[in-house]
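Reviewing the structure listed below.
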Amino acid sequence: MHLIRIIPLLALFLPIFANATEFRSVQAIPRITAVTVYPDRAMTTRTATVKLTRGSYLIALEPLPVLLQDDSIRVEGKGSARATIVGTEVKRTFLEQVPEKRAGEIEEEIRTLQRKLGSLDARITALSAQKGFIESIRVAWGDRISKELAVGKPTSTELNEALTFVGDGVATVEEKTRDLETEKTRLSDRIDALHRELEAVRGSSQRESKRVEVTVEAAADGELTLELSGVVPHAGWEPSYDARLSPEGSSTELVFRAQVRQQTGEDWNDVNLSLSTARPAIGGTPPELNPWRVSFFRPMPVRAFSAPPPAPLGMRAYGAAPKAEDGAAMAEAAPAADYLTAQVAEEQTSILFQISRSVDIPSDGTRHGNVVAIQKIPVTVEYLAVPKRSPHAYLRSELVNRATYPLLPGKVNIFSGGSFTGSSYLKRVAPGEKFDLFFGVDDQITVKREELKRHAEAGLFGKNRQTYLYRIEAGNFRKEGQTLTIRDQLPVAEDEEIKVSLESPSRKPDEQKPDGTLTWKIRVEPGKKEALTFGIAVEYPKDREVSGL
Numbered sequence: 001m002h003l004i005r006i007i008p009l010l011a012l013f014l015p016i017f018a019n020a021t022e023f024r025s026v027q028a029i030p031r032i033t034a035v036t037v038y039p040d041r042a043m044t045t046r047t048a049t050v051k052l053t054r055g056s057y058l059i060a061l062e063p064l065p066v067l068l069q070d071d072s073i074r075v076e077g078k079g080s081a082r083a084t085i086v087g088t089e090v091k092r093t094f095l096e097q098v099p100e101k102r103a104g105e106i107e108e109e110i111r112t113l114q115r116k117l118g119s120l121d122a123r124i125t126a127l128s129a130q131k132g133f134i135e136s137i138r139v140a141w142g143d144r145i146s147k148e149l150a151v152g153k154p155t156s157t158e159l160n161e162a163l164t165f166v167g168d169g170v171a172t173v174e175e176k177t178r179d180l181e182t183e184k185t186r187l188s189d190r191i192d193a194l195h196r197e198l199e200a201v202r203g204s205s206q207r208e209s210k211r212v213e214v215t216v217e218a219a220a221d222g223e224l225t226l227e228l229s230g231v232v233p234h235a236g237w238e239p240s241y242d243a244r245l246s247p248e249g250s251s252t253e254l255v256f257r258a259q260v261r262q263q264t265g266e267d268w269n270d271v272n273l274s275l276s277t278a279r280p281a282i283g284g285t286p287p288e289l290n291p292w293r294v295s296f297f298r299p300m301p302v303r304a305f306s307a308p309p310p311a312p313l314g315m316r317a318y319g320a321a322p323k324a325e326d327g328a329a330m331a332e333a334a335p336a337a338d339y340l341t342a343q344v345a346e347e348q349t350s351i352l353f354q355i356s357r358s359v360d361i362p363s364d365g366t367r368h369g370n371v372v373a374i375q376k377i378p379v380t381v382e383y384l385a386v387p388k389r390s391p392h393a394y395l396r397s398e399l400v401n402r403a404t405y406p407l408l409p410g411k412v413n414i415f416s417g418g419s420f421t422g423s424s425y426l427k428r429v430a431p432g433e434k435f436d437l438f439f440g441v442d443d444q445i446t447v448k449r450e451e452l453k454r455h456a457e458a459g460l461f462g463k464n465r466q467t468y469l470y471r472i473e474a475g476n477f478r479k480e481g482q483t484l485t486i487r488d489q490l491p492v493a494e495d496e497e498i499k500v501s502l503e504s505p506s507r508k509p510d511e512q513k514p515d516g517t518l519t520w521k522i523r524v525e526p527g528k529k530e531a532l533t534f535g536i537a538v539e540y541p542k543d544r545e546v547s548g549l
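Residue numbering for the sequence shown is 1 to 549, as defined by my numbering.
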């Protein structure tokens, strides 16, 4: 009796249960619209818009690359459908074997074209034989004509006709051969193209992909735009710079470029590009220190030949089971790497650059430059010379980073006016920090270093003494006076018994560093030369020998 009462009650709720599990399936192909590139990976954002009516839906977003990391996938939605995302699921799929039909068609077309190619080769061979026959006639008749002309006999009509036949025949054969060679080239190119297409089709028929299924509840009729973001490897970027010194030397144009490379298997076409300095691979949480234990060395006991074998690694002496806390300690000793611990959107710990225009980055693994920013920076220029190592004066400029962001380490291509003068490397420069750039050598500034004297004294007061005298001369052949920084050095003693001193400099160095570096700043007027001299003295015990001088 109770069962009879329950059945009608269940009948009332069955439609509700049926509606609760009834989902309408919708398939959408998402397009990459934005990419954030990190130094060692990239996060792609894909969008797809679907039209919905009120109800429950299972929206399949596919195909997605197999390189897309499952744990990084996030889906968000917005639109007039006022939909709620109930859940997401990532599935691995394989493309259907539909391309096999196309592969068969391509193979058949290749065989047909190869038969035509063989026929063309046969015809070309026949024409070559025909040309050889005609050439033999030309040789035979040519000998006959030569003999008749030698005895003063004019050529007959028969000979004229033979010559015409030979000439026309050769021309006709060569023209036909050229036409056949052209057709052969066309067929060969087509066969090569079909082989490439066949390779692509066969590859695609075996290619794995992914699908993200999104369960949504639409509260109203309308559109829903889904944004799917996820991380892919095989991508990255690095900064580079172009520095151009103006012809008058008053300013430098500093162009900041991002060299982006990617080989993710997908071309990024017409995407909004962002560049982040965050490094997700490092993680956002500092590592933990495990106890560093020190104990006395305990030698392994010598086991007698009759002793039983040691217990397996998973057992304790006397059959005791491992304690629970031992297992916990082992787990702490090898923490698993968690990709999601890095807060890549955290602007306090990273910098995000947004490219102002849409860009295309093909999946070819090569670097593609994108301009991030351009600064025009006032500079102060002077010349630097190290005549001990180089007879040139280098143009040095002092700049200040006026941007609100730091300049990142990277290669700098140096230009002076319109001329490329070389490459350098820029270290990290904070906002407002000064830094130097060198713009090559200036042949109108000369510098020369010569050794004037070398003298050795042995046994003086129980010591050996070696002295050196140097002269440095700088010339200015420019129209304006120039400031020149000259660097030289003293040897640095690595033993307290060796004494090194600077002797009788004609100009006192503006700076003398502990590492022995000497720096002078001199002013050289137009068309003038300036010189300085200095000596070096090295004293050491007479019973010792010194190396390095």
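Cβ atoms here follow ideal geometry from the backbone N, Cα and C, with glycine treated the same way.
Three CB pairs or more closer than 8 Å across the stretch 244 to 254 and the stretch 373 to 380 = Yes: the two stretches touch, three or more of their Cβ pairs being nearer than 8 Å.
Given Glu433, which residues of its chain have a CB within under 6 Å of its CB, disregarding the five upstream and five downstream residues?
-> The residue labelled residue 433 in the question sits at position 433 within the sequence shown. For Glu433, where only same-chain residues beyond five positions count, the Cβ hits under 6 Å are Asn401.
Specify, as a first and last residue, the run of the beta strand (DSSP E) that Ile361 falls within.
-> Sequence index remark: in the sequence shown, residue 361 carries index 361 (1-based). Under the DSSP assignment, Ile361 falls in the beta strand (DSSP E) whose first and last residues are Leu352 to Ile361.
Could you check where the beta strand (DSSP E) with Gly87 kicks off and where it finishes?
-> Counting from one through the sequence shown, the residue named residue 87 turns up at place 87. Membership of Gly87 in the beta strand (DSSP E) is indicated by the continuous run Ala83 to Phe94.
Express the C-alpha separation of Glu107 and Asp179 in angstroms, rounding to a whole number.
-> Reading the sequence shown from its first residue, position 179 is the one you call residue 179. Reading the sequence shown from its first residue, position 107 is the one you call residue 107. The C-alpha of Glu107 is placed about 26 Å away from the C-alpha of Asp179.
CB-CB length for Gly87 against Ala218, believed under 8 Å | Within the sequence shown, residue 87 is the residue found at index 87, counting from 1. Within the sequence shown, residue 218 is the residue found at index 218, counting from 1. Contact doesn't hold; Cβ gap of about 15 Å is too wide.
For the putative contact between Gln27 and Ala81, defined by C-beta atoms under 8 Å, what is the C-beta separation to the nearest angstrom?
-> Position 27 of the sequence shown, counted from the first residue, corresponds to residue 27. Position 81 of the sequence shown, counted from the first residue, corresponds to residue 81. Going by Cβ atoms, the distance from Gln27 to Ala81 rounds to 17 Å, so no, they are not a contact pair.
Helix, strand or coil for Asp246, going by three-state DSSP, please let me know.
-> Your numbering for residue 246 matches position 246 in the sequence shown. Note that residue 246 corresponds to Ser in the displayed sequence, not to Asp. Three-state result, Ser246: coil.
With 16 other CB atoms within 10 Å as the buried threshold, where does Phe94 fall?
-> Within the sequence shown, the letter at position 94 stands for residue 94. It is exposed - the Cβ of Phe94 has fewer than 16 other Cβ atoms within 10 Å.
Would you kindly report the start and end of the unbroken beta strand (DSSP E) that includes Trp520?
-> In the sequence shown, residue 520 corresponds to position 520, counting from 1. Taken as a continuous stretch (DSSP letters only), the beta strand (DSSP E) holding Trp520 covers Thr517 to Val524.
Buried or exposed: Glu539, going by 16 or more other Cβ atoms within 10 Å of its Cβ?
-> Against the sequence shown, residue 539 aligns to sequence position 539. Glu539 is buried by the Cβ-count criterion.
Given that a residue counts as buried once 16 or more other Cβ atoms are within 10 Å of its Cβ, and exposed if not, what is Phe296?
-> As a first step, residue 296 is located in the sequence shown; it is residue number 296 there, counting from the start. Burial call: exposed.
Burial state of Asn370 (16 or more Cβ within 10 Å) | If you number the sequence shown from 1, residue 370 lands on position 370. Buried is the call here.
Around the C-beta of Asn476, are 16 or more other C-beta atoms found within 10 angstroms, so that it is buried, or is it exposed?
-> Your numbering for residue 476 matches position 476 in the sequence shown. Label assigned to Asn476: buried.
Phe133 to Asp192 span [Cα, whole Å] = Taking the sequence shown and counting its residues from 1, one reaches residue 133 at position 133. Taking the sequence shown and counting its residues from 1, one reaches residue 192 at position 192. Phe133 and Asp192 have their C-alpha atoms some 35 Å from each other.
Counted within 10 angstroms of its Cβ, other Cβ atoms place Val524 as buried (16 or more) or exposed = Here the question's residue 524 lines up with position 524 in the sequence shown. It counts as buried.
DSSP three-state call for Asp364: helix, strand or coil?
-> For the purposes of this step, residue 364 is taken as the residue at position 364 of the sequence shown. It is coil, neither helix nor strand.
Work out the CA separation of Gln354 and Leu273 for me, nearest whole Å.
-> Residue numbering aside, residue 273 sits at position 273 when the sequence shown is read from its first letter. Residue numbering aside, residue 354 sits at position 354 when the sequence shown is read from its first letter. If I take the Cα positions, the gap works out to 6 Å.
Are Thr483 and Lys521 close, meaning C-beta to C-beta below 8 Å?
-> Your numbering for residue 483 matches position 483 in the sequence shown. Your numbering for residue 521 matches position 521 in the sequence shown. Yes. Within cutoff.
From Arg577 to Thr517, what does the alpha carbon distance come to, in whole angstroms?
-> In this structure the chain extends from 1 to 549, so residue 577 is not present and cannot be described.
For the stretch 433 to 444 and the stretch 262 to 272, state whether three or more C-beta atom pairs, one from each stretch, are separated by less than 8 Å.
-> Note that the stretch 433 to 444 does not touch the stretch 262 to 272; fewer than 3 beta-carbon pairs, one per stretch, sit closer than 8 Å.
From Pro406 to Thr533, what distance separates their C-alpha atoms?
-> Taking the sequence shown and counting its residues from 1, the one referred to as residue 406 is at position 406. Taking the sequence shown and counting its residues from 1, the one referred to as residue 533 is at position 533. Going by C-alpha positions, Pro406 is about 42 Å away from Thr533.
Just list the beta strand (DSSP E) runs in the stretch 380 to 419, keeping only unbroken ones of 3 residues or longer that don't cross its boundaries, in chain order.
-> Within the stretch 380 to 419, the complete beta strand (DSSP E) segments at least 3 residues long are 380 to 385, 392 to 400 and 410 to 416, listed from N- to C-terminus.
Burial state of Gly230 (16 or more Cβ within 10 Å) = By one-based count along the sequence shown, residue 230 stands at place 230. Counting other Cβ atoms within 10 Å of its Cβ, Gly230 reaches 16 or more and is therefore classed as buried.
In chain order, what residues of the same chain lie with their CB nearer than 6 Å to the CB of Ala83, ignoring the 5 residues before and after it?
-> As a working note, residue 83 is residue 83 in the sequence shown. The residues are Gly77, Val216, Ala218 and Leu224.
What do you get for Ala317, buried or exposed, if any count of 16 or more other CB atoms within 10 angstroms of its CB means buried?
-> Counting from 1 along the sequence shown, the entry for residue 317 is found at position 317. Summary for Ala317: the model assigns pLDDT 34, below 50, so the residue's position carries little reliability, and this model does not support an answer.
Relative to the alpha-carbon of Ser356, which residue among Arg102, Leu275 and Glu288 has its alpha-carbon at the smallest distance?
-> What you label residue 356 is simply residue 356 of the sequence shown in a count that begins at 1. Ranked by Cα distance from Ser356, the options Arg102, Leu275 and Glu288 are led by Leu275.
Which residues does DSSP pair with Thr252 in a beta bridge?
-> Mapped onto the sequence shown, residue 252 falls at position 252. In the DSSP output, where bridge partners are listed per residue, Thr252 has Leu245 and Ile377.
Of the residues Ser240, Thr485 and Ile85, which one's Cα is nearest the Cα of Ile445?
-> Position 445 of the sequence shown, counted from the start, is the residue given in the question as residue 445. Residue nearest to Ile445 within the set Ser240, Thr485 and Ile85 is Thr485 (criterion: CA-CA distance).
Check each candidate in Arg102, Asp70, Tyr241 and Arg111 and name the one with the smallest Cα separation from Arg577.
-> Outside the modelled stretch of the chain, which goes from 1 to 549, sits residue 577, for which no answer is possible.
Report back the beta-carbon spacing between Thr177 and Ile124 to the nearest angstrom; my notes put them in contact at under 8 Å.
-> As a working note, residue 177 is residue 177 in the sequence shown. As a working note, residue 124 is residue 124 in the sequence shown. At roughly 6 Å, the Cβ-Cβ gap stays under 8 Å, so Thr177 and Ile124 are in contact.
According to the neighbour-count rule (16 or more other Cβ atoms, all chains shown, within 10 Å of its Cβ), is Asp488 buried or exposed?
-> Here residue 488 refers to the residue found at position 488 of the sequence shown. Per the 10 Å Cβ criterion, buried.
Determine the DSSP secondary structure at Ile59, reduced to helix, strand or coil.
-> To locate residue 59, count along the sequence shown from 1; it is residue 59. In the three-state scheme derived from DSSP, where H, G and I count as helix and E and B as strand, Ile59 is classed as strand.
Per DSSP, which residues does His455 bridge with? Please list them.
-> Counting from 1 along the sequence shown, the entry for residue 455 is found at position 455. According to the DSSP secondary-structure assignment, His455 is paired through a beta bridge with Thr467.
Per DSSP, Trp237 forms a beta bridge with which residues?
-> Here residue 237 refers to the residue found at position 237 when the sequence shown is read from its first residue. Trp237 pairs with Val260.
Would you tell me roughly how many angstroms separate the C-alpha atoms of Glu457 and Arg396, rounded to the nearest one?
-> Taking the first residue of the sequence shown as 1, we reach residue 457 at position 457. Taking the first residue of the sequence shown as 1, we reach residue 396 at position 396. Each residue's Cα considered, the two are about 41 Å apart.
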